[in-house]
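J.: Have a look at this one before I ask anything.
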Amino acid sequence: MLQPLSFVRRLPYHHKLKLYLLVLSIFPVLLLGLLSASLAGKSVQEESERNQKVILKQVEHQLDTLLKNLAFTSLQMAADRTIEKSLRLGIAQNDPVRLETTLDMKEVVRQYRSYSGTPIHVSLVYNRFGQVYGSHLGLLPLQEFPFYDLIKHAVPKYDGAIVIPPYSRAGQEDFLMLRPVPVGSPDIDGWVVLHIDPQQIYEAFRAADPGVNRRLMILDEEGRIMLSNRLEDIGSRLPTASGLYAYWTKPTKANAVYRLDGTDYHLSSETSSFNGWTYIAMTPVRDITHKADVIRFVSWGIAAALASVWALLALLGTKRLYLPIRRLAFKIPGGPEPGGDGLQALDGYVDRVVQANTQLRRQLGDQLPSLQETLLVQLMRGELGEKELRDRAAAYGLAVPEGRFYLGVVAIDDYPAFRRRYSARDRALLQYALAKLAGEVCAGLPACLPAAPEPGQLVLLLRSELPEPEAGEQLDRLLAALREQAGILLRLQVTAARSDAAWPLGAIGRGLQGTLSRLRYRVPEGSRLAEAPGSDASAAAMRAFHAVYLARKQEVLAAIAEGRLSDAEEAFRALLGEAPGYLAGEEGLMSLLGCLLGEIERFYAEGGQSLPDIAGNRLYEAVASAASLEALGSAFEQELFPALRSHLEQADDTRRRQLVARAVACIHEQFAADLSLTLIAERCGCSPTQLSRMFKEEVGTTFVDYVIGYRIEKAKEWLVHSDMPIREITDRLRYATTQNFTRIFKQMTGLPPGQYRERYRGSV
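The opening residue of the sequence shown carries number -16 in my numbering; numbering runs sequentially from there.
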């Protein structure tokens, strides 16, 4: 094993190149041929499985649609009052009432057949009278009904219709659907039987186009073959000992194989969510493997051809690839001997160049700190871009770390006093010492690049490997330690600030401006300036403003909670107006307004609502893009408060509709009781005045007029369809006297109750 490897190592480079090219050109092609042949065969099988699934889905969709329509038609007929009455009274010609019911029943059956999307025949089975009426059979005794045995042993299903496939019994060629009448009752008066031509069902199979050799079948929950593209299978049950029965009871996720009549089939199945039927597709295995074998043969042929071409190209290209190396080798001083290895000659030359560069870099290293600081200052001032910085740094051998950087700014407090106290030389030494101290404190960070763009100011480019917010906390601790060490070791009082986010090198200038603005953020406190936000003393300095902010925040939140959005806007504007008296900068208040938005979002979240859903993305986009306090205030006033007002109005509309609907339901349920606006308002959980106003807005009439109108409608119904005396109607509708009822009835209908009964009862 080692001897061939040692032989390869001793070969000249151009011979190694030839060998490597041959291996690299032939091996991937052969591997690709193997993988493509395998994947192609697998893809053919997966495509066959997908085709079977598509066919099954298509058949399932068409049959489910057809069966749903038929089930809906049977349910409508079973629930039809006319059919129920006919099955209860029976068919007779000597009884006027039963005759009229029979005629109505025939008309209803004709209408259902006409409106059905599928041609059907209908049979009505009269259990009580031993009769059957069929749209195609006429009237005949129950014992002569072709499906008498089926009706006799049928067990009602209260969750759907009974479906009987064709050829289930001798002489049965129709697809039958049975439903008991009345629906959902244990006492059955009869049956509605739909007769469907099997050709309507077979259309689904022909439309699916399963192919020449593929077989399709549909099984119900009991393992009975409801439909199949082989007519002799319809109506039979799967043998429990067969493999197809085992697959039906527990389908596998992978392709199952079933042997039938000496042929192996791949099985795929789908279960209908409508009726629980199982749709099974069977494709011969030989149809699938034949295509895969052809693809494998073609793939290997292509791979062999490509391997031959690449081998030829490798042999021809080796010489041309090695030619540039040979030319370079003869150009260097002390080039290779004729027939020698040109790459070894180049390697020796590169070693000599590296040694020379090492000496130069050692000399340049003494000047790197000042050079690095100069480049960083130019970058911060915008005199250099990131690409120019990296190009110059690369030219001088400086390592510029990749990634994003936090900006830390350390400024000497009371710089005029510092300038008066120290000479120029001492100031430079102290600032240099401060930079060295920063490097020692931040030595644990992946990067800490110091620069002094201004006298009395030190900028640190810091990079942390921790994610937010851990990175910010780590840098805050380091800056706090730097402030403390500067006070102890250098006797310098400094202020430190950190950027909130990490910046790419190209945007360091913009990030520096934002960080410097934090140093300019001051809270008035007597005659001196407190330290910048983020320092240890800032909390006490901000106490006065926080008291004002907390009071206004509570006003805004309380007003929103009570639906007083105008008061909430006034409190918000007051907060914006009072802030300049406490703050000299905008950044602090902008962050507090972000907290206020979070408080509002939490208030709605506690109520089961989402502020992003109420206000939409425009609010958060406006808040995120706000670069000033004015822009942030506009985002609140133009996006937040209008959205909250619209949401409040929609909530009021929904509540009004719910209260009025509840009041109307109470009126309909208790119209015969003593109703009053106060009583209904108590039951609805609102005041009478509020209910009266909402009732008028929603219904279009007053509460009293609606109650009177509903009672008069009930009186009209009783007068026409019952023999109830007018006095009893008066008492049931809670009128004090018959005269009072008669007067109101005549006002509403134009006729007294007696005349109304005589006129409309006669017409009915």
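We put the beta carbon where it would ideally sit given N, CA and C, even for glycine.
As the structure is a prediction and not an experimental result, all values here were calculated from the model.
If we require 4 or more residues per run, which alpha helix (DSSP H) segments fall completely within the region 56 to 144?
T.: 64 to 72, 79 to 98, 131 to 136
J.: Measure the Cβ-Cβ separation of L548 and F624 and say whether it is below 7 Å.
T.: yes
J.: Closer than 8 Å by C-beta to S629: which residues in its own chain qualify, once you throw out the five before and the five after it? Chain order, please.
T.: Correct list: empty, nothing qualifies.
J.: Could you pull out every residue in the same chain whose Cβ sits closer than 8 Å to the Cβ of H651, ignoring the five residues on either side in sequence?
T.: The residues are Y693.
J.: Can you name the start and end residues of the beta strand (DSSP E) that G391 belongs to?
T.: 387 to 395
J.: Does DSSP put E204 in a helix, in a strand, or in coil?
T.: Three-state DSSP puts E204 in coil, outside helix and strand.
J.: Put I171 into one of helix, strand or coil per three-state DSSP.
T.: coil
J.: What would DSSP say about T478, mapped onto helix, strand or coil?
T.: Three-state DSSP puts T478 in a strand.
J.: Any idea if H249 is buried or exposed, counting beta-carbon neighbours within 10 angstroms, 16 or more meaning buried?
T.: Classification of H249: buried, given that the 10 Å Cβ count is 16 or more.
J.: Taking the C-alpha atoms as reference points, what is the distance between L176 and V92?
T.: Checking the sequence, you will find Val at residue 176 rather than Leu. The alpha-carbon atoms of V176 and V92 are separated by roughly 11 Å.
J.: Compute the Euclidean distance between the alpha carbons of Q338 and Y379, then round it to the nearest angstrom.
T.: 17 Å
J.: In the DSSP assignment, what are the bridge partners of P433?
T.: L443
J.: Quick check on the burial criterion: 16 or more other C-beta atoms within 10 angstroms. Buried or exposed for V115?
T.: buried
J.: Just tell me which of K68, L432, A411, E448 has its CA closest to the CA of P438.
T.: A411
J.: Taking C-beta to C-beta, are L441 and L420 nearer than 7 Å?
T.: No, Cβ-Cβ distance for L441 and L420 is not below 7 Å.
J.: Taking 7 Å as the cut-off, decide whether the C-beta atoms of T84 and S106 are in contact.
T.: no
J.: Tell whether a beta-carbon distance below 7 Å holds between Y230 and E43.
T.: no
J.: Does the contact criterion of 3 or more C-beta pairs under 8 Å hold for the region 679 to 689 versus the region 707 to 724?
T.: Output reads no: the region 707 to 724 does not touch the region 679 to 689.
J.: Please tell me whether P102 and P149 are closer than 7 Å, where the distance is taken between their beta carbons.
T.: no
J.: Determine whether the Cβ of S705 lies closer than 7 Å to any Cβ atom of chain B.
T.: Among the protein chains of the structure shown there is no chain B, as only one such chain exists.
J.: Can you name the start and end residues of the beta strand (DSSP E) that R251 belongs to?
T.: Contrary to the premise, residue 251 reads as Ser rather than Arg in this sequence. S251 -> beta strand (DSSP E) spans 246 to 254.
J.: Between R740 and V703, what straight-line distance do the alpha-carbon atoms span, to the nearest angstrom?
T.: 6 Å
J.: According to DSSP, simplified to helix, strand and coil, what is M707?
T.: coil
J.: With the cut-off set at 7 Å, would you say W486 and R585 are in Cβ contact?
T.: no
J.: Between which two residues does the alpha helix (DSSP H) carrying L150 extend?
T.: The sequence given here has Tyr at residue 150, not Leu. No alpha helix (DSSP H) contains Y150, which DSSP labels as neither H nor E.
J.: Determine the direct distance from the alpha carbon of K697 to that of Q653, and round the result to whole angstroms.
T.: 12 Å
J.: Sort L615, A626, Q621, M677 by Cα distance to R645 and report the nearest one.
T.: The shortest Cα separation from R645 among L615, A626, Q621, M677 belongs to M677.
J.: Which residues mark the beginning and the end of the alpha helix (DSSP H) in which V606 is found?
T.: 600 to 608
J.: Just how far apart, CA to CA, sit L428 and E453?
T.: Taking the straight line joining both Cα atoms gives about 13 Å.
J.: Can you give the Cα-Cα distance for L642 and L674, rounded to whole angstroms?
T.: CA-to-CA, the gap between L642 and L674 works out to about 8 Å.
J.: Over what stretch of residues does the alpha helix (DSSP H) that includes L458 continue unbroken?
T.: 453 to 472
J.: Would you call the region 58 to 69 and the region 281 to 293 in contact, with 3 or more CB pairs under 8 Å?
T.: no
J.: In the DSSP assignment, find the unbroken beta strand (DSSP E) run with Y262 in it and report its ends.
T.: 261 to 267 is the span of the beta strand (DSSP E), which, as asked, contains Y262.
J.: Ordered along the chain, which non-local residues of its own chain (more than five positions away) have a Cβ less than 8 Å from that of M(-16)?
T.: Low local confidence applies: a pLDDT of 46 at M(-16) is under 50, so the model's placement there is unreliable, with the coordinate-based value given in what follows. Around M(-16): no qualifying Cβ.
J.: Using DSSP with H/G/I as helix, E/B as strand and the rest coil, what is R197?
T.: If DSSP states are grouped into helix, strand and coil, R197 belongs with coil.
J.: By how many angstroms is the C-alpha of I597 removed from the C-alpha of P516?
T.: With a pLDDT of 47 at P516, under the threshold of 50, the predicted position of this residue should be treated as unreliable, and no value is reported.
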